[in-house]
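Here the working numbering runs 132 ahead of the position in the sequence shown, where the first position is 1. Down below is the structure, laid out as structure tokens.
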Amino acid sequence: MDKICFFGDESIGLILKGLGIDAFIDENIEESFQDAYKKNLYSLIIVSEDLKDRILPVYLEMRKEFLPVVIFLPTRGRREEVSFKYIRRMIEKAVGVDILKKGEEE
133 MDKICFFGDE SIGLILKGLG IDAFIDENIE ESFQDAYKKN LYSLIIVSED
183 LKDRILPVYL EMRKEFLPVV IFLPTRGRRE EVSFKYIRRM IEKAVGVDIL
233 KKGEEE
């Protein structure tokens with residue numbers, strides 16, 4: 133269950149697909165999100181900030197204790213304040229490793 137998926141913009145989705153992350157960029161985003169969450173195949177679900185209004189109600193209705201972790205990623209079109217520390221902590225919780233660590237010694 134150490135997989136990551138992304139819901140959002142096609143340009144970002146294509147880049148993430150190239151990195152091995154599953155990307156969902158279809159019309160029925162709420163249903164796709166619900167399906168991905170219920171199947172419990174992903175430990176981390178990244179949602180583009182511009183889809184937050186569509187995804188959040190579905191997520192709040194279904195959310196479990198810890199996994200999968202859902203984070204909202206800021207995009208070009210919409211700038212909301214998202215804490216980098218929060219994102220870093222959620223990714224570390226989901227993946228088990230701090231993948232955003234930059235040159236810090238262990």
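Where is the CB? At the ideal position from N, CA and C, for every residue including glycine. Quantities reported herein were computed from a predicted structural model and do not represent experimental measurements.
For residue j and residue i, believed in contact at Cβ under 8 Å, the rounded distance
i      : j      : result
Val190 : Met222 : Actually they are not in contact, since the Cβ atoms of Val190 and Met222 sit about 18 Å apart, beyond 8 Å.
Tyr169 : Ile178 : Actually they do not touch by this definition, with Cβ atoms about 13 Å apart.
Inter-residue Cα distance where the pair is residue i and residue j
i      : j      : result
Lys171 : Met194 : 12 Å
Glu238 : Lys135 : Low local confidence applies: a pLDDT of 49 at Glu238 is under 50, so the model's placement there is unreliable, and no value is given.
Asp182 : Thr207 : 7 Å
Ile187 : Asp154 : 17 Å
Ile203 : Ile219 : 7 Å
Asp167 : Glu159 : 14 Å
Ile161 : Phe139 : 7 Å
Ser164 : Phe156 : 7 Å
Buried or exposed (CB count within 10 angstroms, at least 16 for buried), residue i
i      : result
Ser143 : exposed
Asp230 : exposed
Gly145 : buried
Leu192 : exposed
Beta strand (DSSP E) segment containing residue i, residue limits
i      : result
Lys233 : First-last for Lys233: undefined, no H or E at that position.
Ile178 : Tyr174 to Ser180
Limits of the unbroken alpha helix (DSSP H) element including residue i
i      : result
Leu148 : Glu142 to Gly150
Leu188 : Lys184 to Met194
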